[in-house]
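Chemist: Counting with the numbering used here, you get residues 15 to 77 for the letters of the sequence shown. Sharing a structure here in structure tokens format.
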Amino acid sequence: MGMKGGLAKYLAKEGNKLGRKAKDAGDEVKDLAKDGADVAKDAYKGAKDGLKKGKKKIREYLD
């Protein structure tokens with residue numbers, strides 16, 4: 015194998031390593047985004063339930 019062939023093989027190997035690292039980082043970001051969406055969804059549901067309970071308490075107080 016000549017000098018160019020060895021260099022090409024080395025660069026391909028390094029490129030594959032970087033590609034795997036980038037994929038892993040992308041997967042981690044995707045998981046974090048999903049977790050963030052779940053937290054936001056739970057917070058919205060909690061706020062909605064709290065508002066509903068608050069309205070009920072106000073109605074009871076006014077009656």
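In this text, a Cβ means the ideal position worked out from N, Cα and C, and glycines have one as well.
1. In angstroms, rounded to a whole number, what distance separates the CA positions of Gly-68 and Lys-44?
2. From Ala-26 to Asp-38, what distance separates their C-alpha atoms?
3. In whole angstroms, give me the CA-to-CA distance for Leu-21 and Gly-60.
4. Could you check the C-alpha separation between Asp-52 and Arg-34 for me, to the nearest Å?
5. Is Asp-63 helix, strand or coil when you go by DSSP?
Modeler: Reading off the structure:
1. 36 angstroms
2. 18 angstroms
3. 58 angstroms
4. 27 angstroms
5. helix
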